[in-house]
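Accompanying notes for the structure given below.
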Amino acid sequence: MSSSDLVMYEEEFRKIDEELQKLYQLTNAMVVFLVDKNGQLIASAGETRDIDTTSLASLTAGNIAATGGIARLLGEKEFTILFHEGEKDNIHISLIGQRVILVVIFDKRSSLGLVRLRVKKASESLVSIFNDITSKAEHEKIGGKLDESPFAEISDEDIDNLFR
Amino acid sequence: MSFINYSSREINCKIVYYGPGLCGKTTNLQFVFKRTNPGQKGKLISLATETERTLFFDFLPLALGDIKGFKIRFHLYTVPGQVFYAASRKLILKGVDGVVFVADSQIERMEANIESLDDLKINLAEQGYDLDKLPYTVQYNKRDLTNVAPVDNMNALLNPRNVPFFEAVAVTGPGVFETLKNVAKQVLTELKKHY
Chain A
17 MSSSDLVMYE EEFRKIDEEL QKLYQLTNAM VVFLVDKNGQ LIASAGETRD IDTTSLASLT
77 AGNIAATGGI ARLLGEKEFT ILFHEGEKDN IHISLIGQRV ILVVIFDKRS SLGLVRLRVK
137 KASESLVSIF NDITSKAEHE KIGGKLDESP FAEISDEDID NLFR
Chain B
22 MSFINYSSRE INCKIVYYGP GLCGKTTNLQ FVFKRTNPGQ KGKLISLATE TERTLFFDFL
82 PLALGDIKGF KIRFHLYTVP GQVFYAASRK LILKGVDGVV FVADSQIERM EANIESLDDL
142 KINLAEQGYD LDKLPYTVQY NKRDLTNVAP VDNMNALLNP RNVPFFEAVA VTGPGVFETL
202 KNVAKQVLTE LKKHY
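Listed below in C-alpha cells is the structure:
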C-alpha cells in the first residue's frame, strides 16, 4: 500500500472542521470544502445538502490534476489557484501544501478579493494541521499498527458480507 | 491511497479500470451502477465526448457497507482507453489502491491489449507504483462474441503472474461483480496488512 495513505483522527478532524467553519463565515460563502488531491472529500462547511459533494470532490481533483498536467507541459511546477466564474455562482479552488484542495463556492454576497484573502490565511493554518497529521502518521508507522485498527479482526467473511 | 477517517468512521479506497479503447471499462461501471441499490451508490459521472468515448474519466462512488463500524466506500474510476489520451490516463492513476485490467477478448484486439498493459505498467511506475505489488485483477471481457481468443492464450499473453482473472460480458453482466468483488477484497486485505 502506498505510504501516502491518509489517516485522520478525531482531533485533527475537529481542527480542520473549525478552520472550514471559520472560512465559511468570514468569506460569506455558500459552501467551503476540502478535498484530498486524489478526489476524496475530507470535510465541508455550509449549505452542502443540495450538492453532490462526492462527485464535486472527484471532479475538482480531476480539474486540479489536469491543470497540474498543463503546468508541467509549460514548465511550471503547479498552478495553485483556479477560479471559475458563473452567472450566479463562482468557484475558487486552491491547492494547499501540495496535498489538499480547498474549494470555496460563493455568489454575489461575497467577492473574489475577500475569498482570496481569507483563503490565503486559512491555508496557512491548514498546512500546519496537515503537517501534524503527517508526523502523527509517521510516528504511528514507527510504533507499529494503529491502536484502534478497524482491520485488526477483519475476516474474509466480513469482506464477503459487503457484497451480499 | 486510501483515506481512513476515524472521525466519520469511513474508509475510502480508489479502484481504477484500465484497458484498451472500447474494451468495456465504462460498460463495467454502467452495469455496476444499474445493479446497485440506490442507497449504496452515488451518481455515475462520465466525462465523455459526443460519441460517448471517455474523454477524461468515469466515476462511480459505492458504499458497500460496514466493517467493524467503519463505512467502506469504493470510488471506481475508468481511464480513457484511446492511445492519444495518454496524459489524462496517467492522472487518473494517482492514489490508486487497486487496478482492474479489462482486456478485449477479440483476437484482433490482442495487440491493443498488450500495448495497454505495457502502458499501465509504465504509467504506474511513473507514479511510484509497481503493478506486481498492487491489488490487481484481470477481466477477459466480451466472451459472448464469436471471434474470441481462448482464455489460456490470453493468460499466457496478459497474465504471466497468474493473478485472479474473470471471464465477463460487461453489457449483460456476467463476471462484472465477480471482478469488482475480487479486487475490492484484495484492496481490503492489503489495508489489513498495514493498519
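Here the protein sequences come in this chain order: A and B.
The first sequence begins at 17 in the working numbering and counts up by one.
The second sequence begins at 22 in the working numbering and counts up by one.
Cβ coordinates follow ideal geometry from the N, Cα and C atoms, glycine included.
Cutoff 6 Å; reference residue i; Cβ partners in own chain excluding five residues on either side
i	result
residue 34 (chain B)	23, 95, 118, 208
residue 67 (chain B)	79
residue 185 (chain B)	158, 203
residue 141 (chain B)	39
residue 23 (chain A)	153
residue 42 (chain A)	134
residue 107 (chain A)	100, 121
Short Cβ contact (8 Å threshold) for residue i with residue j
i	j	result
residue 194 (chain B)	residue 91 (chain B)	no
residue 119 (chain A)	residue 76 (chain A)	yes
residue 80 (chain A)	residue 109 (chain A)	yes
residue 110 (chain B)	residue 144 (chain B)	yes
residue 127 (chain B)	residue 166 (chain B)	yes
residue 98 (chain B)	residue 79 (chain B)	yes
residue 126 (chain A)	residue 44 (chain A)	yes
residue 98 (chain A)	residue 86 (chain B)	no
residue 40 (chain A)	residue 59 (chain A)	no
residue 170 (chain A)	residue 89 (chain B)	yes
residue 101 (chain B)	residue 75 (chain B)	yes
residue 57 (chain A)	residue 51 (chain A)	yes
residue 25 (chain B)	residue 21 (chain A)	yes
residue 37 (chain B)	residue 114 (chain B)	yes
residue 53 (chain A)	residue 145 (chain A)	no
residue 63 (chain B)	residue 64 (chain A)	no
residue 168 (chain B)	residue 189 (chain B)	no
residue 96 (chain A)	residue 72 (chain A)	no
residue 130 (chain B)	residue 153 (chain B)	no
residue 216 (chain B)	residue 167 (chain A)	yes
residue 61 (chain B)	residue 83 (chain B)	yes
residue 78 (chain A)	residue 55 (chain A)	yes
Three-way DSSP call (helix, strand, coil) for residue i in this model
i	result
residue 69 (chain B)	strand
residue 192 (chain B)	coil
residue 111 (chain A)	strand
residue 175 (chain B)	helix
residue 52 (chain A)	strand
residue 25 (chain B)	strand
residue 37 (chain A)	helix
residue 170 (chain A)	coil
residue 206 (chain B)	helix
residue 44 (chain A)	coil
residue 17 (chain A)	With a pLDDT of 39 at residue 17 (chain A), under the threshold of 50, the predicted position of this residue should be treated as unreliable, though the coordinate-derived value follows. Residue 17 (chain A) falls in the coil class under three-state DSSP.
residue 125 (chain B)	strand
residue 179 (chain A)	coil
residue 155 (chain B)	coil
residue 142 (chain A)	helix
residue 59 (chain A)	strand
residue 163 (chain B)	coil
residue 124 (chain A)	coil
residue 119 (chain A)	strand
residue 23 (chain A)	strand
residue 131 (chain A)	helix
residue 33 (chain B)	strand
residue 106 (chain A)	strand
residue 169 (chain B)	strand
Own chain partners of residue i with C-beta closer than 8 Å, once the 5 adjacent residues on each side are dropped
i	result
residue 18 (chain A)	The pLDDT assigned to residue 18 (chain A) is 45, lower than 50, so where the model puts this residue is not dependable, and the model offers no usable value.
residue 104 (chain A)	123, 124
residue 199 (chain B)	187, 189
residue 150 (chain B)	114, 117
residue 156 (chain B)	118, 119, 120, 204, 207, 208, 210, 211
residue 115 (chain A)	52, 53, 146
residue 93 (chain A)	87
Residue i: CB within 7 Å of a non-hydrogen atom of the ligand ATP
i	result
residue 54 (chain A)	With respect to the ligand ATP, the structure offers nothing, as it holds no ligand at all.
Nonlocal neighbours in the same chain, by C-beta distance under 7 Å from residue i, ignoring five residues either side
i	result
residue 30 (chain B)	90, 91, 92
residue 48 (chain B)	191, 192
residue 174 (chain B)	none
residue 172 (chain B)	161, 188
residue 201 (chain B)	53
residue 103 (chain B)	42, 74
residue 180 (chain B)	159, 186
Using a Cβ-Cβ cutoff of 9 Å, what residues of the stretch 74 to 98 of chain B are near chain A? List them in chain order.
77, 78, 80, 82, 85, 86, 87, 88, 89, 90, 91, 93, 94, 96, 98
To test your reading of the DSSP string, which unbroken alpha helix (DSSP H) runs of 4 or more residues are found completely within the stretch 44 to 119 of chain B?
46 to 55, 107 to 113
Start-end ranges of the beta strand (DSSP E) lying completely within the stretch 63 to 104 of chain A, minimum 3 residues:
97 to 101
Short of 8 Å Cβ to Cβ, which residues in the stretch 32 to 65 of chain B face chain A?
32, 33, 35, 63, 64
Which residues, taken in chain order from the stretch 54 to 73 of chain A, show a beta carbon closer than 8 Å to some beta carbon of chain B?
54, 55, 56, 58, 68, 70, 71
Which of the residues in the stretch 132 to 148 of chain B, read from start to end, lie with their CB under 8 Å from any CB of chain A?
none
Going along the stretch 194 to 205 of chain B in order, which residues come within less than 9 Å of chain A, judged by CB to CB distance?
198, 201, 202, 205
Of all the residues that make up the stretch 22 to 49 of chain A, which are near chain B by a beta-carbon distance shorter than 7 Å?
22, 23, 24, 25, 26, 29
Using Cβ-Cβ distances below 7 Å, what residues of the stretch 86 to 101 of chain A are close to chain B?
Listed by position along the chain: nothing, the set is empty.
Interface positions of the stretch 102 to 127 of chain B facing chain A (Cβ-Cβ less than 9 Å), listed along the chain
Listed in sequence order: 108, 109, 111, 112, 113, 115, 116, 117, 118.
Selection of the stretch 117 to 143 of chain A by Cβ proximity to chain B, strictly under 7 Å:
none
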